Amino acid sequence: MSSKVQITPIGPQLDLGEGPHWEAKTKTLYYVDAFAATVHRHVPHTNEHSHCKFKGNTVSFVIPVEGKEESEFVIGLEREIVHVIWDLKSDKPTATRVLSAAEEDRGGNRVNDGKVDPAGRLWTGTLMPGQGLDDAPFTSHLYSFDKGSSPKKHLSGIAVSNGLAWSLDYKTFYYIDSLKYKVQGFDYDITNGTINNERTVFDLKKNNVEGIPDGMTIDSEGKLWVAVYTGGKVIRIDPDTGKLLYILPIPSWEVTSVVFGGPNLDELYVTSANKTKDYPKDKFPQPGQTFKVTNLGVRGTSSRSIKLQ
Ligand code: ZN
642 MSSKVQITPI GPQLDLGEGP HWEAKTKTLY YVDAFAATVH RHVPHTNEHS HCKFKGNTVS
702 FVIPVEGKEE SEFVIGLERE IVHVIWDLKS DKPTATRVLS AAEEDRGGNR VNDGKVDPAG
762 RLWTGTLMPG QGLDDAPFTS HLYSFDKGSS PKKHLSGIAV SNGLAWSLDY KTFYYIDSLK
822 YKVQGFDYDI TNGTINNERT VFDLKKNNVE GIPDGMTIDS EGKLWVAVYT GGKVIRIDPD
882 TGKLLYILPI PSWEVTSVVF GGPNLDELYV TSANKTKDYP KDKFPQPGQT FKVTNLGVRG
942 TSSRSIKLQ
């Protein structure tokens, strides 16, 4: 890894930055401020920035709709999967339409990180907030939604559903339930959209990695990049050997998620939060900031848009 790694703050400081998605055709980063129920749009090559506020308590992810103009999205709004039309300028959506919802019978819960699988299905899981993140009960689930359909349940006993990634050969699904402090691997069936044969591919505690695993992405060498919440870093791991390959220190304590972007997919975008009050502030002076990391010497994989037809 290059010693000339550069970390540049972009956009405003947020309360809980999350869910970054890189749209290649417009060279745009989309991400959310979760508890502000706001989607942010940042165009690095023009420094243009806009945001859109939704009616609700949380927005957890934002994903462009495949084959559409640059104005249609699917977002996770509280426990609903919502189709959105936004003109990219106004601070309000033009139109919203609920496509589906998870666990309508469970008050207080919500969907969290969401990603699209290699066949175009949306995957997202839930969480039921406890007093804090640390004590969420293990009563939530992981789901997929095919073209905005009703949810298909894949896993139970989840505390805080978070990072999702698929291997380069589409045979493995990687998943993070934050409070298990692990990255799990599963056999993935692209045709049927099913997962089986759960195993641990990386254990943070066994590798003495302090913090909670959150969002995740995969690079062009098949290695995983994991945001470490209350750990002030992103780690690169080898899911085949279970080895910790690299630690990227971030000047924010609560690192929430990562995505590769830029015209050559060689920039890493990192979101973070400003929730915790008790941490070494001198080492992590930019809470809630979003960052662009360059000169890593690694290329990522493309963010996938969602298929609705
Ligand atoms: Zn997350």
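Every letter in the sequence shown is one number past the one before it in our numbering, and letter 298, counting from 1, is 939. Think of the CB as a built atom: it goes at the ideal place given N, C-alpha and C, for glycine as much as any other residue. Owing to the predicted nature of the structure, the values given are computational and were not obtained by experimental measurement.
For LEU820, which residues in the same chain have their Cβ closer than 6 Å to its Cβ, ignoring the five residues on either side in sequence?
Once the five neighbours on either side are set aside, the close Cβ partners of LEU820 are ALA800 and VAL801.
Would you call GLY798 buried or exposed, if buried means 16 or more other Cβ atoms sit within 10 Å of its Cβ?
Exposed, because fewer than 16 other Cβ atoms sit within 10 Å of the Cβ of GLY798.
Quick check: does the Cβ of ASN833 come within less than 6 Å of any heavy atom belonging to the ligand ZN?
Incorrect: ASN833 has no Cβ contact closer than 6 Å to the ligand ZN.
One or two residues paired with ILE799 in a DSSP bridge
SER781, per the DSSP bridge assignment.
Would you check whether the ligand ZN has a heavy atom nearer than 6 Å to the C-beta of GLY856?
Flag set: Cβ of GLY856 near the ligand ZN.
Between LYS948, ILE947, PHE932 and GLY873, which has its C-alpha nearest LEU655's C-alpha?
It is PHE932 whose Cα lies nearest to the Cα of LEU655.
With DSSP run on the structure shown, which of helix, strand or coil describes PHE676?
Under the three-state reduction of DSSP, PHE676 is assigned to helix.
List the DSSP bridge partners of LYS864.
As DSSP reads the structure, LYS864 sits in no beta bridge.
Residues bridged to LEU889 [DSSP beta-bridge criterion]:
Secondary-structure assignment with DSSP links LEU889 through a beta bridge to VAL875.
Give me the residue from HIS683, ASN753, THR735 and PRO759 with the minimum Cα distance to GLY717.
That would be ASN753, whose Cα lies nearest to the Cα of GLY717.
Looking only at C-alpha atoms, which of ASP923, LEU909, ARG945 and ALA665 sits nearest to SER898?
It is LEU909.
With a threshold of 6 Å (Cβ to nearest heavy atom), would ASN848 be considered close to the ligand ZN?
No.
Alpha-carbon to alpha-carbon, PRO926 and GLY902:
Cα to Cα, the separation comes out at about 24 Å.
Of the listed residues VAL850, LYS793 and SER741, nearest to ALA587 (C-alpha basis)
The first residue shown for the chain is 642 and the last is 950, placing residue 587 beyond what the model contains.
Would the beta-carbon of ASN750 be found less than 6 Å away from any heavy atom of the ligand ZN?
For the ligand ZN, not one heavy atom lies less than 6 Å from the Cβ of ASN750.
The ligand ZN heavy atoms versus the CB of ASN803: any closer than 6 Å?
Of the heavy atoms belonging to the ligand ZN, at least one sits nearer than 6 Å to the Cβ of ASN803.
From TYR829 to SER741, what distance separates their C-alpha atoms?
Computed Cα separation, rounded: 23 Å.
Span of the beta strand (DSSP E), counted from its first residue to its last, around ALA736
Residues 736-742.
SER819 by DSSP, collapsed to three states: which one?
In the structure shown, SER819 sits in a helix (DSSP, three-state: H, G or I).
For ASP656, verify whether its CB is less than 6 Å away from any heavy atom of the ligand ZN.
Flag unset: Cβ of ASP656 not near the ligand ZN.
For PRO880, which residues in the same chain have their Cβ closer than 8 Å to its Cβ, ignoring the five residues on either side in sequence?
Closer than 8 Å at Cβ, skipping near neighbours: SER808, THR813, TYR815, VAL824, GLY826, VAL842, PHE843, GLY863, LYS864 and LEU865.
PRO839 lies in the beta strand (DSSP E); which residues open and close that run?
First, the amino acid is wrong: residue 839 is Glu here, not Pro. First-last of the beta strand (DSSP E) with GLU839: 835-844.
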